[in-house]
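Enquirer:
4 protein chains.
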Amino acid sequence: MVVVMKENATQAMVDAVSDHLLNVGFKVHSVVGVNRIILGAIGDKRGIDLREFEIMDGVHEVIRITEPYKLAGRTFHPEDTIVEVKGATFGGEYVPVIAGPCSVENEEQMFTIARQVKEAGAKVLRGGAFKPRTSPYAFQGLGVEGLKLLHAAGKEFNLPTVSEVMDVSQIEVMVEYVDILQIGARNMQNFFLLKELGRIKKPVLLKRGMAATIEELLMAAEYILDGGNYDLILCERGIRTFVTYTRNTLDLSAIPVTKKFSHLPIIADPSHGTGLRDKVAPMARAAVAAGADGVAVEVHHDPDKALSDGAQSLYPKQFARLMEELRMIAWAIGKKI
Amino acid sequence: MVVVMKENATQAMVDAVSDHLLNVGFKVHSVVGVNRIILGAIGDKRGIDLREFEIMDGVHEVIRITEPYKLAGRTFHPEDTIVEVKGATFGGEYVPVIAGPCSVENEEQMFTIARQVKEAGAKVLRGGAFKPRTSPYAFQGLGVEGLKLLHAAGKEFNLPTVSEVMDVSQIEVMVEYVDILQIGARNMQNFFLLKELGRIKKPVLLKRGMAATIEELLMAAEYILDGGNYDLILCERGIRTFVTYTRNTLDLSAIPVTKKFSHLPIIADPSHGTGLRDKVAPMARAAVAAGADGVAVEVHHDPDKALSDGAQSLYPKQFARLMEELRMIAWAIGKKI
Amino acid sequence: MVVVMKENATQAMVDAVSDHLLNVGFKVHSVVGVNRIILGAIGDKRGIDLREFEIMDGVHEVIRITEPYKLAGRTFHPEDTIVEVKGATFGGEYVPVIAGPCSVENEEQMFTIARQVKEAGAKVLRGGAFKPRTSPYAFQGLGVEGLKLLHAAGKEFNLPTVSEVMDVSQIEVMVEYVDILQIGARNMQNFFLLKELGRIKKPVLLKRGMAATIEELLMAAEYILDGGNYDLILCERGIRTFVTYTRNTLDLSAIPVTKKFSHLPIIADPSHGTGLRDKVAPMARAAVAAGADGVAVEVHHDPDKALSDGAQSLYPKQFARLMEELRMIAWAIGKKI
Amino acid sequence: MVVVMKENATQAMVDAVSDHLLNVGFKVHSVVGVNRIILGAIGDKRGIDLREFEIMDGVHEVIRITEPYKLAGRTFHPEDTIVEVKGATFGGEYVPVIAGPCSVENEEQMFTIARQVKEAGAKVLRGGAFKPRTSPYAFQGLGVEGLKLLHAAGKEFNLPTVSEVMDVSQIEVMVEYVDILQIGARNMQNFFLLKELGRIKKPVLLKRGMAATIEELLMAAEYILDGGNYDLILCERGIRTFVTYTRNTLDLSAIPVTKKFSHLPIIADPSHGTGLRDKVAPMARAAVAAGADGVAVEVHHDPDKALSDGAQSLYPKQFARLMEELRMIAWAIGKKI
């Protein structure tokens with residue numbers, strides 16, 4: 012930590028800050044500049060609230076040096092983490108595609124779509140059973156029944172599965188039926204849930220919150236890693252900006268940025284990131300071109316009748332074509348789908 | 012709902028949209044404009060996803076007419092809701108001030124601060140026992156022990172209490188010890204938690220998420236109201252914008268806007284909204300001047316030693332002075348503190 | 012400037028950065044921490060692009076210590092600047108109110124409104140003659156004719172005047188007819204215009220751009236101050252956020268923040284900041300409560316027929332009432348309208 | 012335009028709105044819904060301020076139907092516009108790459124870089140001569156001397172040139188030396204400048220402002236088109252969001268969205284969009300994958316000594332490699348570089 016004193020800070024003020032730094036366990040090293048004194052606080056304290064120092068008399072600014080995360084960062088874990096789930100590997104030279112409907116609706120729907128995405132080359136099958144819906148009046152998912160259908164379709168077509176867990180109470184049943192447990196954007200800072208998912212033995216897919224910085228995403232990851240679960244995949248799915256013509260603004264720069272700071276794989280979700288079908292394919296291609304470790308896409312064999320998110324679901328034909336494009340783009344940057 | 016067709020939409024496209032509207036239960040009324048056809052969809056369907064129509068051929072835009080919330084809106088509940096909690100009334104001519112430490116730390120701290128805020132005129136005592144912390148390495152709160160101390164201090168100084176509930180599993184104990192259950196910004200769309208809080212018989216304080224629109228805040232409120240709990244207070248606590256010199260950007264316009272759309276009382280939290288002590292008083296004053304139904308402020312008798320959020324906590328003396336200013340500002344707009 | 016090296020930076024990398032710092036004129040002081048080396052760069056260099064160092068091998072982060080502005084900051088100019096314009100003083104204990112129509116439309120309109128706002132207590136008369144309109148098809152203002160009418164009305168009612176200058180070519184005529192030249196939000200970084208306004212002898216009102224940080228606002232101010240013009244008033248008028256129910260989000264925290272960093276007076280414009288009449292009064296009150304050095308409000312005697320921005324203009328009666336409220340709020344915080 | 016009345020609007024309120032609509036020239040068609048009356052206003056009025064109606068008694072919401080732009084939209088110009096500049100074609104099957112230094116610095120620099128980008132396959136040469144700099148203390152560009160050097164380098168290597176125009180006073184000399192005149196993000200709503208550029212006979216490259224919606228971008232385009240200049244290329248270069256690890260957030264969804272609404276070509280600028288060299292290549296690839304009609308990239312043969320933006324400039328070798336990748340990605344989606 013570096014504390015920058017104001018130009019007119021008195022010696023007494025400098026001393027007070029210095030004492031407070033020593034008190035909380037730092038060593039202090041002062042640098043006397045042209046106009047200001049800078050105090051370098053040496054020591055590895057991750058729990059400190061910088062603002063404690065910011066409000067002291069004579070302080071101009073306080074700057075964190077050490078990242079607040081440890082397990083999620085590259086400093087002590089420089090090489091890429093590769094998460095392997097029944098043949099799909101996230102984080103290496105492959106770029107697995109996750110596909111399937113927004114919600115599991117019934118057996119026929121689930122099996123039809125599973126077959127189609129498998130044929131087109133998807134490596135993981137998705138499907139929501141517990142749905143976080145903005146409106147209490149909207150379809151809330153089939154629950155455990157949905158998990159069973161997803162599980163059956165995954166088994167039939169030899170695809171690992173992913174589905175969202177909304178509450179601690181669902182973890183047990185999720186672990187039974189699903190291969191990857193997804194934490195939705197709205198729950199990225201549900202610390203209770205994160206802690207519990209740190210204790211399970213199944214991979215977790217953690218979606219970035221709509222207003223979350225990369226640092227906050229990595230701190231949320233830290234909760235899971237700290238519990239001992241290292242099979243963790245991050246996901247960029249759009250942030251909230253002043254832009255309204257897409258549901259969210261897919262922040263693809265987050266991909267190279269996150270990969271710089273963290274060893275964890277990061278994929279992109281252009282379906283939720285844009286919210287409209289005709290924007291999904293361009294942004295899926297862009298994600299792979301930007302270096303994403305995977306892509307998650309909603310596909311529905313009959314989107315007009317989908318119980319949720321039909322508008323952002325690709326038709327199977329569109330998906331098959333997208334897979335062709337993604338293969339070539341991955342190849343252009345030395346990767347494989 | 013209004014569906015605006017493209018200028019070059021064919022009759023077949025118009026018919027397809029019209030049929031789809033009829034299918035989901037609307038009556039359809041078409042308006043032929045200079046360049047376009049507009050389809051008015053008549054009927055009260057709150058669960059519909061507009062994007063289903065947006066992606067149909069020939070459709071230019073789809074516009075929702077009915078608000079997606081019903082219970083939270085003024086349409087069927089035009090008069091202001093007043094929430095009364097042991098002498099503090101939110102939503103009428105009074106502007107109660109909620110004050111106390113960020114976290115409950117120990118008995119002495121809690122009783123000292125309770126006494127001071129009571130003397131200065133606070134009407135509700137706050138104190139966190141379960142703390143949602145960005146970092147797993149930071150102080151996570153005293154838990155039930157904290158609730159008991161808060162309860163005891165409230166009893167001693169005859170102040171109702173408010174504290175944050177983070178998970179469904181805490182509700183039972185919270186209801187026992189606390190007068191108002193607070194839902195934090197990060198949990199605004201934890202629908203599981205919202206549903207459960209709709210079933211309790213205690214007032215709820217629902218904080219706006221950092222990236223939540225007013226509509227989403229009211230939809231979250233709808234989950235609670237739909238469960239039968241009408242003792243609901245909303246809270247503006249800052250949104251995430253490109254601005255970084257404050258922790259969040261306190262969106263005070265949200266106060267008159269929310270009051271226009273909803274009958275629920277709405278208060279402001281300038282402590283979390285700004286994150287720095289010297290900005291708290293100006294923004295608390297501004298909130299009351301803008302018409303807030305209450306203000307929540309963090310106060311600590313020894314902020315430098317606070318276990319959390321010391322930097323945004325007022326000294327008791329600052330708080331007492333702020334109370335004086337708020338009294339005059341409330342009076343200037345025909346209200347009372 | 013402080014350069015934080017990566018934990019695994021080699022000595023050669025540290026040396027390279029150190030050499031580059033010396034090359035551009037800094038003295039270098041290194042602090043060896045637990046895991047990292049930090050280089051303190053001592054010297055007052057305001058033109059440097061931090062990113063030059065950020066991209067060097069082994070560099071973790073580069074942190075600016077000295078603010079990039081000099082004349083606008085408090086460091087070398089700690090006391091408040093007071094700008095006095097024919098009896099209206101911005102920056103001291105008074106909170107002058109600027110009022111008038113969005114656009115000057117005709118003599119009757121201008122004189123009617125001038126009389127009404129004068130009677131209610133406004134200290135400066137506003138009126139647009141050159142209008143920056145989003146649409147080329149919208150009313151573009153009366154031009155010089157408008158300036159003459161504004162000038163005449165100001166003279167008649169003994170009010171100094173303010174109007175927006177859009178281009179360097181208008182400065183000469185503006186200086187002749189207007190007391191304060193306003194730079195609109197869209198022109199905040201029109202550096203050509205800023206430079207020229209640094210050379211005139213009349214006060215300037217500089218509006219914050221919709222996406223401008225406070226630092227950028229102060230850097231824009233720096234262009235004007237650097238030209239020798241110190242009669243400068245800043246104005247918060249709303250930023251662009253994800254919120255859409257108001258035209259912009261009035262960022263009132265910017266007022267205490269700017270006053271901390273700069274000696275320049277700062278006022279608020281709740282008319283443009285909200286864009287809707289019924290939000291103007293609450294936010295004007297909030298601005299004064301937050302410590303604004305003035306408020307600018309659009310007033311029209313017949314808003315339904317206004318040629319621009321009628322929707323956000325107060326009726327004269329509303330304005331008179333607002334003035335009453337502002338007087339009490341100012342008094343509550345030790346100021347006068 | 013559609014005016015949605017409140018559920019409790021009286022007939023008198025409906026009549027007042029209806030009359031006002033008729034007064035400004037609309038025909039009115041009313042739709043009686045279950046709970047509300049909706050007034051369809053028929054007629055093509057682009058200058059109207061919707062808020063005029065929004066503030067009338069009994070009005071719930073006013074919705075624009077006709078886009079406010081006419082010339083920039085697809086409605087009356089469905090086919091793509093192709094802008095051809097000395098062999099570089101924007102808007103068709105080709106994806107030309109614009110490359111060169113941020114600022115023209117001297118003859119050797121300009122010729123060295125021009126040769127390198129030409130060899131790698133760039134189709135247009137860029138170089139800034141008039142520089143909009145946040146700080147008045149930073150390098151402001153070589154001015155006309157810079158334009159001459161750019162012109163000479165373009166001639167030598169048979170590359171058309173592009174450079175930024177900051178003020179109306181520079182247009183004449185720009186037209187003499189430069190093939191494409193660029194309007195910077197900060198000037199996107201400098202309506203004076205836009206109008207003048209509508210009158211010239213050279214292509215214009217219009218950059219999206221940091222806080223501009225697509226609608227505002229197209230309205231700015233409308234100013235130029237309305238003047239008669241149809242050789243117009245749009246450019247996405249990053250928006251301002253809460254994200255700070257990149258200079259701006261490159262909003263690649265804007266590419267498919269803009270192409271849906273407008274016939275104008277749109278390119279992307281990942282150098283300004285990210286601000287850091289190691290993010291430029293991933294985002295340039297992503298832009299082409301998303302369907303951009305071109306890419307603008309800063310290249311410098313010695314970035315560490317660049318007078319501006321060295322940190323976001325590619326080394327020539329990186330640029331050459333990027334060109335290889337872009338060729339394959341373009342090919343993957345049926346285009347050519």
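Residue numbers (the working numbering), protein chains in the order written: chain A, 12 to 348; chain B, 12 to 348; chain C, 12 to 348; chain D, 12 to 348. In this text, a Cβ means the ideal position worked out from N, Cα and C, and glycines have one as well.
So G138 (chain B) packs on S180 (chain B), CB below 8 angstroms; how close in whole Å?
Expert: On the second sequence, residue 138 (chain B) is found 127 positions in, with the first residue counted as 1. On the second sequence, residue 180 (chain B) is found 169 positions in, with the first residue counted as 1. 20 angstroms between Cβ atoms; not a contact.
Enquirer: Given that I66 (chain A) touches chain B, what residues does it touch there, using C-beta distances under 7 angstroms?
Expert: Looking up residue 66 (chain A) in the first sequence gives position 55. In chain order, L287, R288 and A322 make up the part of chain B whose C-beta sits under 7 angstroms from the C-beta of I66 (chain A).
Enquirer: By how many angstroms is the C-alpha of I74 (chain C) removed from the C-alpha of V96 (chain B)?
Expert: Reading the second sequence from its first residue, position 85 is the one you call residue 96 (chain B). Reading the third sequence from its first residue, position 63 is the one you call residue 74 (chain C). Rounded to the nearest angstrom, the two C-alpha atoms are 49 angstroms apart.
Enquirer: Using a beta-carbon distance below 9 angstroms, is P314 (chain A) in contact with chain B?
Expert: One-based indexing of the first sequence puts residue 314 (chain A) at position 303. Output row for P314 (chain A): interface = yes.
Enquirer: For A222 (chain C), return the contacting residues in chain B, with the cut-off set at a CB-CB distance below 9 angstroms.
Expert: Mapped onto the third sequence, residue 222 (chain C) falls at position 211. Those within 9 angstroms of A222 (chain C) in chain B are F253.
Enquirer: Checking the sheet assignment: what are the DSSP bridge partners for G111 (chain A)?
Expert: Counting from one through the first sequence, the residue named residue 111 (chain A) turns up at place 100. DSSP lists A:E309 as partners of G111 (chain A).
Enquirer: Is the Cβ-Cβ distance between L245 (chain B) and I277 (chain B) less than 9 angstroms?
Expert: Start at 1 with the first residue of the second sequence, and residue 245 (chain B) comes out as number 234. Start at 1 with the first residue of the second sequence, and residue 277 (chain B) comes out as number 266. Contact flag set, yes.
Enquirer: For V108 (chain A), which of A:E336, A:V306, A:G321 and A:V35 has the nearest alpha-carbon?
Expert: Numbered from 1 along the first sequence, position 97 holds the residue referred to as residue 108 (chain A). Closest by alpha carbon: A:V306.
Enquirer: For A101 (chain B), count the other beta carbons within 10 Å of its own beta carbon; 16 or more makes it buried, fewer makes it exposed. Which is it?
Expert: Stepping through the second sequence from its first residue, residue 101 (chain B) is reached at position 90. Checking the sequence shown, residue 101 (chain B) turns out to be Phe, not Ala. Label assigned to F101 (chain B): buried.
Enquirer: Would you report the Cα separation of M12 (chain C) and G36 (chain C), rounded to the nearest angstrom?
Expert: Position 1 of the third sequence, counted from the start, is the residue given in the question as residue 12 (chain C). Position 25 of the third sequence, counted from the start, is the residue given in the question as residue 36 (chain C). If I take the Cα positions, the gap works out to 12 angstroms.
Enquirer: The alpha helix (DSSP H) with R197 (chain D) in it runs from where to where?
Expert: Working through the fourth sequence from its first residue, we reach residue 197 (chain D) at position 186. First-last for R197 (chain D): undefined, no H or E at that position.
Enquirer: Determine, for V28 (chain D), whether the minimum Cβ-Cβ distance to residues of chain B falls below 9 angstroms.
Expert: Indexing the fourth sequence from 1 puts residue 28 (chain D) at position 17. Judged by the 9 angstroms Cβ criterion, V28 (chain D) is not in contact with chain B.
Enquirer: Tell me whether N34 (chain B) is buried or exposed, calling it buried when 16 or more other Cβ atoms sit within 10 Å of its Cβ.
Expert: For this step, residue 34 (chain B) is matched to residue 23 along the second sequence. Around the C-beta of N34 (chain B), fewer than 16 other C-beta atoms lie within 10 Å, and the residue is accordingly described as exposed.
Enquirer: Alpha carbon to alpha carbon, how far is V254 (chain B) from A27 (chain A)?
Expert: Translated into positions along the second sequence, residue 254 (chain B) becomes position 243. Translated into positions along the first sequence, residue 27 (chain A) becomes position 16. Looking at the two C-alpha atoms, the distance is approximately 30 angstroms.
Enquirer: Within 9 angstroms (strictly less), CB to CB, does L261 (chain B) reach chain C?
Expert: Against the second sequence, residue 261 (chain B) aligns to sequence position 250. So yes, L261 (chain B) belongs to the interface.
Enquirer: When you check each C-beta in the segment 173–185 of chain B against every C-beta of chain A, which residues fall closer than 8 angstroms?
Expert: Near chain A, meaning a CB-to-CB distance below 8 angstroms, the residues of the segment 173–185 of chain B are M177, D178, V179 and S180.
Enquirer: Secondary structure at A52 (chain A), three-state DSSP: helix, strand or coil?
Expert: Indexing the first sequence from 1 puts residue 52 (chain A) at position 41. Looking at A52 (chain A) - three-state DSSP - the assignment turns out to be strand.
Enquirer: At the level of alpha carbons, what is the spacing between E227 (chain B) and T145 (chain A)?
Expert: For this step, residue 227 (chain B) is matched to residue 216 along the second sequence. For this step, residue 145 (chain A) is matched to residue 134 along the first sequence. One C-alpha to the other measures close to 7 angstroms.
Enquirer: Cβ of G103 (chain B) less than 9 angstroms from any chain C Cβ?
Expert: To locate residue 103 (chain B), count along the second sequence from 1; it is residue 92. Not one chain C Cβ lies under 9 angstroms of G103 (chain B).
Enquirer: With three or more beta-carbon pairs closer than 8 angstroms as the criterion, would you say the segment 234–253 of chain C touches the segment 227–243 of chain A?
Expert: Short answer: they don't touch.
Enquirer: Is T269 (chain A) close to chain B? Criterion is C-beta to C-beta, closer than 9 angstroms.
Expert: For the purposes of this step, residue 269 (chain A) is taken as the residue at position 258 of the first sequence. T269 (chain A) does not count as touching chain B.
Enquirer: Below 6 angstroms CB to CB, which residues in the same chain sit around G165 (chain C) once its five sequence neighbours on both sides are set aside?
Expert: By one-based count along the third sequence, residue 165 (chain C) stands at place 154. Contacts found: L136 and T172.
Enquirer: Quick check on M185 (chain B): does DSSP put it in helix, strand or coil?
Expert: Here the question's residue 185 (chain B) lines up with position 174 in the second sequence. Note: M185 (chain B) maps to helix in three-state DSSP.
Enquirer: Please report the residue range of the alpha helix (DSSP H) in which R219 (chain C) lies.
Expert: On the third sequence, residue 219 (chain C) is found 208 positions in, with the first residue counted as 1. No alpha helix (DSSP H) holds R219 (chain C); DSSP gives it neither H nor E.
Enquirer: Could you pull out every residue in the same chain whose Cβ sits closer than 8 angstroms to the Cβ of V268 (chain B), ignoring the five residues on either side in sequence?
Expert: The residue you call residue 268 (chain B) lines up with position 257 of the second sequence. Same-chain partners within the cutoff: I225.
Enquirer: Does the beta carbon of I53 (chain D) come closer than 9 angstroms to any beta carbon on chain B?
Expert: By 1-based counting over the fourth sequence, the position of residue 53 (chain D) is 42. Closer than 9 angstroms: yes.
Enquirer: If you draw a straight line from the C-alpha of L204 (chain D) to the C-alpha of A110 (chain C), how long is it?
Expert: As a working mapping, residue 204 (chain D) is identified with position 193 in the fourth sequence. As a working mapping, residue 110 (chain C) is identified with position 99 in the third sequence. Cα-Cα distance, rounded: 29 angstroms.
Enquirer: Taking 9 angstroms as the threshold (C-beta atoms), are V94 (chain A) and I348 (chain A) in contact?
Expert: If you number the first sequence from 1, residue 348 (chain A) lands on position 337. If you number the first sequence from 1, residue 94 (chain A) lands on position 83. No, the Cβ-Cβ distance between I348 (chain A) and V94 (chain A) is not below 9 angstroms.
Enquirer: Please name the residue, chosen from C:K56, C:A23 and C:I76, that lies closest to V14 (chain C) on a Cα-to-Cα basis.
Expert: By 1-based counting over the third sequence, the position of residue 14 (chain C) is 3. Nearest option by C-alpha distance: C:I76.
Enquirer: If the cut is a Cβ gap below 8 angstroms, which residues of chain D does Q200 (chain C) touch?
Expert: As a first step, residue 200 (chain C) must be located in the third sequence, where it is residue number 189. Under the 8 angstroms cutoff, chain D gives P143, T145 and R197.
Enquirer: Per DSSP, what kind of secondary structure is Y234 (chain C) in: helix, strand or coil?
Expert: As a working note, residue 234 (chain C) is residue 223 in the third sequence. Three-state DSSP puts Y234 (chain C) in a helix.
Enquirer: Could you pull the start and end residues of the beta strand (DSSP E) that K38 (chain A) belongs to?
Expert: Here residue 38 (chain A) is taken as the residue at index 27 of the first sequence, counted from 1. From DSSP, the beta strand (DSSP E) with K38 (chain A) extends over K38 to V43.
Enquirer: Please go through the same chain and pick out, in chain order, the residues whose beta-carbon is closer than 6 angstroms to the beta-carbon of M67 (chain A), but skip the five residues on each side of it.
Expert: Looking up residue 67 (chain A) in the first sequence gives position 56. Correct list, in chain order: V28.
Enquirer: Check each candidate in D:L192, D:Q120, D:H274 and D:A300 and name the one with the smallest Cα separation from V353 (chain A).
Expert: The shown model of chain A, from 12 to 348, leaves out residue 353 (chain A), and the question about it has no answer.
Enquirer: Opposite Y105 (chain D) in the DSSP bridges: which residues?
Expert: Here residue 105 (chain D) corresponds to residue number 94 of the fourth sequence, with the count starting at 1. Answer is D:K347.
Enquirer: For the 8 angstroms Cβ check, are there 3 or more pairs between the segment 182–202 of chain B and the segment 150–161 of chain B?
Expert: yes
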